[in-house]
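Note sheet for the following structure.
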Amino acid sequence: MSNIAIKVEDVGKMYRLGQVGTGTISQDLNRWVARIRGKEDPFTKIGETNDRTIKGESNMVWALKDVNFEIQKGDAVGIIGRNGAGKSTLLKLLSKVTKPTTGSIKINDRIASLLEVGTGFHPEMTGRENIYLNGAILGMTKKEIKRKFDEIVDFSGVERYIDTPVKRYSSGMYVRLAFAVAAHLESEILIVDEVLAVGDAEFQKKCLGKMGDVSKGEGRTVLFVSHNMAAVKTLCNKGILMQYGSVAYQGDIAKVIDRYIASTAKPKEEMKYEIDANKKAQILLVDIFNEKNIPTTEFSHLEDIRICLNILNDRGGEGTRINIAVLDQFENVLFISRRKLDKGFNSLEIMLKGNVLIPNRYVLSIAIDNPGVELYDVIDGGIIFDIIDLGNENSINGDTENGIFVAPLIWNA
Numbered sequence: 182m183s184n185i186a187i188k189v190e191d192v193g194k195m196y197r198l199g200q201v202g203t204g205t206i207s208q209d210l211n212r213w214v215a216r217i218r219g220k221e222d223p224f225t226k227i228g229e230t231n232d233r234t235i236k237g238e239s240n241m242v243w244a245l246k247d248v249n250f251e252i253q254k255g256d257a258v259g260i261i262g263r264n265g266a267g268k269s270t271l272l273k274l275l276s277k278v279t280k281p282t283t284g285s286i287k288i289n290d291r292i293a294s295l296l297e298v299g300t301g302f303h304p305e306m307t308g309r310e311n312i313y314l315n316g317a318i319l320g321m322t323k324k325e326i327k328r329k330f331d332e333i334v335d336f337s338g339v340e341r342y343i344d345t346p347v348k349r350y351s352s353g354m355y356v357r358l359a360f361a362v363a364a365h366l367e368s369e370i371l372i373v374d375e376v377l378a379v380g381d382a383e384f385q386k387k388c389l390g391k392m393g394d395v396s397k398g399e400g401r402t403v404l405f406v407s408h409n410m411a412a413v414k415t416l417c418n419k420g421i422l423m424q425y426g427s428v429a430y431q432g433d434i435a436k437v438i439d440r441y442i443a444s445t446a447k448p449k450e451e452m453k454y455e456i457d458a459n460k461k462a463q464i465l466l467v468d469i470f471n472e473k474n475i476p477t478t479e480f481s482h483l484e485d486i487r488i489c490l491n492i493l494n495d496r497g498g499e500g501t502r503i504n505i506a507v508l509d510q511f512e513n514v515l516f517i518s519r520r521k522l523d524k525g526f527n528s529l530e531i532m533l534k535g536n537v538l539i540p541n542r543y544v545l546s547i548a549i550d551n552p553g554v555e556l557y558d559v560i561d562g563g564i565i566f567d568i569i570d571l572g573n574e575n576s577i578n579g580d581t582e583n584g585i586f587v588a589p590l591i592w593n594a
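Residue numbers (my numbering): 182 to 594.
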């Protein structure tokens, strides 16, 4: 018996940009002839890679292109990547919401999916009716659904509204019930897109806990898309990194997250920014130096890190400030420091003392705002630096896998 839950081979998905029409009669006839002969659409070759950073020449774009991977039964797989990388399109193909343009997808188990808000439920039907409908679609009997019903309603917290049409639910209520249905009905594969962002923090934590139970406790397969790297790291053991509609890397989740973080970093020569006349206040330059005054992104854990910023506060309001945050590799905020900006040009220097952060990879996030009024400029996740242990006599003693900071403790015998 195969241990493969999902196998994706040479999958591509093409979309037409702009107004959607059928094209000319000649094109339609050629497509029809190709289809009945079992050949690919002769007009798909004009499609372009899904790169949002460049202007395309064609009105056809590959949202996914040449995607190949296998997922083993019982794996929890995090699918990560920038916006527009093809993550949600991939989940729609796996959930059979839409068909691939090319390639094949083989799924050996039943799938329950939670994609964007609004999919999976009939708006005119009540919550109760939708639970039974979803169970029937999964091939469950009425008796099997009834056995799970109370557990679903209790988890979702919408008991009072269970006999109300779901079109009257708030987005949060809708997601809570949709997740409860997807997670509790007896499917072997659970697919969850980043719609959990709609729920409150307590419910998100509850959902992540349930997905952990589904994967580790029940041995079911989970596919999870999220920009929350801490949640992905906690839940998943495997990962797939998507870039421009293709698989850039796959494997152990920690390595996949490292690749993702590295892919979002700006090269050193790109840390200088052009003046944008539309911005009231903006970041012009970010430089990071070691103790020898050499620009770098790799530091000994013992040395000080000097961060230099050039800021133009042209038309920012009273109270405009610079915010600088250091995040870990899973995008957890470790600390934030703020300073009010003067009008005009500001040249600032920040010193991060050595022997504070443990050896690891870190992300620098910088923003200019007027609190409660306007966000003027932001560099979010684009600057990465590494702190390494050089292994000398002053190296850190203890476990650097746990914790965040080096505590300035004094030991006495």
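Even glycine gets a Cβ: it sits at the ideal position worked out from N, Cα and C.
Every value quoted in this text rests on a predicted model; they were computed, and no experiment measured them.
With 16 other Cβ atoms within 10 Å as the buried cut-off, status of residue i
i, result
"R542", "buried"
"L490", "buried"
"M624", "A query on residue 624 cannot be resolved here, the shown segment of the chain reaching from 182 to 594 and no further."
"G426", "buried"
"Q431", "buried"
"F360", "buried"
"Q200", "Summary for Q200: the model assigns pLDDT 46, below 50, so the residue's position carries little reliability; its value from the coordinates is reported in the next sentence. Exposed is the call here."
"A443", "exposed"
"W243", "buried"
"N578", "Unreliable placement is indicated for N578, whose pLDDT of 48 sits below 50; the coordinate value is still reported in the next sentence. N578 is exposed by the Cβ-count criterion."
"K268", "buried"
"F336", "buried"
"D290", "exposed"
"V373", "buried"
"N573", "The pLDDT assigned to N573 is 48, lower than 50, so where the model puts this residue is not dependable; a value taken from the coordinates is nonetheless given after this. Counting Cβ neighbours within 10 Å, N573 comes out exposed, since fewer than 16 surround it."
"E340", "exposed"
"D580", "With a pLDDT of 49 at D580, under the threshold of 50, the modelled position of this residue cannot be trusted, and the question is left open."
"A462", "buried"
Between the CA atoms of residue j and residue i - distance to the nearest angstrom
i, j, result
"E484", "L508", "19 Å"
"N459", "R520", "23 Å"
"A412", "I421", "15 Å"
"L538", "G584", "9 Å"
"D394", "L529", "48 Å"
"R309", "L319", "16 Å"
"S481", "A363", "47 Å"
"R401", "A548", "41 Å"
"A429", "F516", "31 Å"
"V356", "L371", "15 Å"
"V554", "D457", "20 Å"
"N409", "I505", "20 Å"
"F586", "D570", "14 Å"
"S546", "S368", "40 Å"
"I206", "M195", "20 Å"
"K226", "I475", "The predicted model places K226 with a pLDDT of 48, which falls under 50 and marks its position as unreliable; any figure quoted below should be read in that light. For K226 and I475, the distance between alpha carbons rounds to 48 Å."
"L466", "V559", "12 Å"
"Q208", "I217", "14 Å"
"L210", "L245", "26 Å"
"G338", "M354", "8 Å"
"W592", "R440", "39 Å"
"G265", "E375", "13 Å"
"K414", "A215", "45 Å"
"K324", "N315", "14 Å"
"G255", "E399", "8 Å"
8 Å Cβ shell around residue i - same chain, five flanking residues per side excluded
i, result
"T307", "I343, D344, T345, P346 and V347"
"R502", "R519, R520, K521, L522, I549, D550, N551 and P552"
"I260", "K268, L271, L272, L404, F405, V406, G420, I421 and M423"
"P304", "P346, V347 and K348"
"Y350", "G308, V339, Y342 and L358"
"S183", "N289"
Spatial neighbours of residue i in its chain, beta-carbon cut-off 7 Å, leaving aside the 5 residues before and after
i, result
"K524", "N494"
"E332", "H365"
"E472", "E484 and D485"
Spatial neighbours of residue i in its chain, beta-carbon cut-off 6 Å, leaving aside the 5 residues before and after
i, result
"F302", "N311 and V347"
"A257", "S396, V403, L416, C417 and N418"
"R328", "none"
"E479", "D567"
"G535", "L483, E484 and D485"
"N513", "A411"
"L590", "none"
"Q510", "I442 and R542"
"Y313", "I326"
"R487", "F470 and M532"
"K188", "E251 and K287"
CB-CB length for residue i against residue j, believed under 8 Å
i, j, result
"A186", "Q253", "6 Å"
"G193", "T279", "Not really, about 12 Å apart at Cβ, beyond 8 Å."
"S285", "E190", "5 Å"
"V454", "I469", "Per the sequence presented here, residue 454 reads as Tyr, with Val not at that position. Y454 to I469, Cβ: 15 Å. No contact."
"Y557", "G497", "6 Å"
Residue i at chain C interface by Cβ criterion, 8 Å
i, result
"N494", "Absence of chain C from the displayed structure is noted, only one protein chain being present."
- Task: Check whether the region 385-392 touches the region 244-253, taking contact to mean three or more Cβ pairs, one atom from each stretch, closer than 8 Å.
- Result: Taking one beta carbon from each stretch, the region 385-392 and the region 244-253 have fewer than 3 pairs nearer than 8 Å; the two do not touch.
- Task: For the region 431-447 and the region 264-274, state whether three or more C-beta atom pairs, one from each stretch, are separated by less than 8 Å.
- Result: Remark: fewer than three beta-carbon pairs, one from each stretch, lie closer than 8 Å, so the region 431-447 and the region 264-274 are not flagged as touching.
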